[in-house]
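For what it's worth, this note's numbering labels the leading residue of the sequence shown as 91, then goes sequentially. We put the CB at the ideal spot given by N, CA and C, even for glycine. If you're wondering where the values come from, they're calculated on a predicted model, not measured in any experiment.
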Amino acid sequence: MERIQIAENLSFSRIIHGLWRLEDWKYSSKETLELIEYCLDEGITTFDHADIYGSYLCEERFGEALSLKPSLRDKIELVTKCGIVLPSKQRPQHTSHYYNTSYEHILLSAHNSLKALKTDYIDLLLIHRPDPFMNSEEVAEAFSTLHREGKVRHFGVSNFKDHQFRMLESYLDFPLVTNQLELSPSNLENFLDGTLNLCQEKRIPPMAWSPLGGGSIFTEQDEKSLRLHTTLKKVGEELGITEVDKVIYSWLLAHPARIMPIVGSGKKERIHNAVDALNYSMSTEQWFEILQSSMGHEVP
């Protein structure tokens, strides 16, 4: 498995496993452990979480599985996110949905994640969404506290546009190491609006959430989805790939920004398809054919 250097003392597997649906899969702790070990066998060592996933239960489910074999902690990298507040039975004090990136909330969220994941440290903590009420001085203070205490090793953001990224980073004594973005052939926004350009400018590899566009390419019957599905099949035939999801991962992996796709599936064959996509090289012409199919017109 190719590895991507995130920071001086941290690297991620090029393919990342996402756990936002873990609670929906209804796996036992033993079955979740088996899934973790399958990912490791495939070369995937990086696992993506957020405190809110599964109504605040997914981290706990993962931690319960990890506690069955604690030695695996040294073989994996844990990513989690905070900053979104949701009403939940697990958080009875939450009465509404809003963003909270205050010093107190970031520290509380990180401590809750550490407890749920049954670990002493988090490899990477992200602010989940841009907060229009964010006090960057408080965020910087929270990050510094968690780093100084050894509870979080590195920090980044998720869904931040370039101006939001620059603003927060200007308050920090250390660099943000990634931006987790929605990137897929069916959602080109971050490819075209400068967000991905900033990642390249900063030399930070982005993580890609919903790389399959939420499955719209497979299920929707609108003109764009049908057109894109046809093009992906065509390019797949040229590459000797029969699985459309594998073509999509190949498209993301071909980009020079060193995109790290997050595979949010509990099915082993889906995970394997993402890993196997590393074995294929897509040409620039093929890459643009998929891009233009999504746009519905040729580039200028």
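Please decide whether S101 counts as near chain D, where near means a Cβ-Cβ distance under 7 Å.
Given the protein chain composition of this structure (a single chain), no chain D is represented.
Please list the terminal residues of the continuous beta strand (DSSP E) segment that includes I94.
R93 to A97
Could you tell me the boundaries of the beta strand (DSSP E) in which W299 lies?
M297 to W299
Residues bridged to C172 by DSSP?
I217
Taking 7 Å as the limit between beta carbons, can you name the residues of its chain near G354, skipping five residues before and five after?
G108, W110 and R111
So for L100, helix, strand or coil by DSSP?
strand
Hey, would you say Y128 sits closer than 7 Å to S178, going by beta carbons?
no
Restricting to runs no shorter than 3 residues, where is the beta strand (DSSP E) found entirely within the stretch 253 to 282?
269 to 272
Closer than 8 Å by C-beta to L204: which residues in its own chain qualify, once you throw out the five before and the five after it? Chain order, please.
D210, Y211, I212 and K241
Do you know offhand how far L273's Cα is from W115's?
24 Å
Please confirm whether W341 and I380 have their CB atoms less than 7 Å apart.
yes
On the criterion of 16 or more Cβ atoms from any shown chain inside 10 Å, does R93 qualify as buried, or is it exposed?
exposed
In whole angstroms, give me the CA-to-CA distance for T285 and D252.
5 Å
Hey, would you say H207 sits closer than 7 Å to G153, going by beta carbons?
Note that residue 207 is Leu in the sequence shown, not His. Taking 7 Å as the Cβ cut-off, L207 and G153 qualify as a contacting pair.
For Y188, does the three-state DSSP call read helix, strand or coil?
strand
Taking the beta strand (DSSP E) that I106 belongs to, which residues open and close that run?
I106 to G108
Starting from the C-beta of C148, find all residues in its chain whose C-beta is less than 7 Å away, skip the five residues before and the five after it, and write them out in chain order.
L109, W110, L112, E113 and H139
Mark G305 as exposed unless 16 or more other C-beta atoms lie within 10 angstroms of its C-beta, in which case mark it buried.
exposed
How many angstroms separate the CA atom of Y56 from the CA atom of S199?
No statement about residue 56 is possible, as the shown extent of the chain runs from 91 to 390 and does not include it.
Nearest by alpha-carbon distance to V337: which of D312, L316 and N369 is it?
N369
Meets three-Cβ-pair contact criterion under 8 Å: the stretch 358 to 372 and the stretch 313 to 323:
no
Can you tell me the Cβ-Cβ gap for R317 and S383, rounded? I've got them flagged as a contact below 8 Å.
6 Å
Going by C-alpha distance, which of H201, P160 and L162 is nearest K171?
H201
Same chain, Cβ closer than 7 Å to T235, five either side skipped, listed in chain order:
L197
Taking the beta strand (DSSP E) that T136 falls in, what are its first and last residues?
T136 to D138
Going by DSSP, which residues form a beta bridge with M350?
M297
Taking the alpha carbon of H319 as the reference point, which residue from K358, F378, G330 and D335 has its own alpha carbon closest?
D335
Within 10 angstroms of its Cβ, does M297 collect 16 or more other Cβ (buried), or is it exposed?
buried
What are the boundary residues of the alpha helix (DSSP H) that includes S373?
Counting along the chain, S373 falls outside any alpha helix (DSSP H), and DSSP gives it neither H nor E.
Output needed for H218: all residues of its chain with C-beta closer than 7 Å, excluding positions within five of it in sequence on either side, in chain order.
A140, K171, C172, G173, I174 and S248
Going by beta carbon distance, what residues of the same chain come within less than 7 Å of I142, once the five residues before and after it are set aside?
I174 and L176
Looking only at its own chain, which residues have a Cβ that is under 7 Å from the Cβ of L302, when we skip the five neighbours before and after it?
S274, D335 and I338
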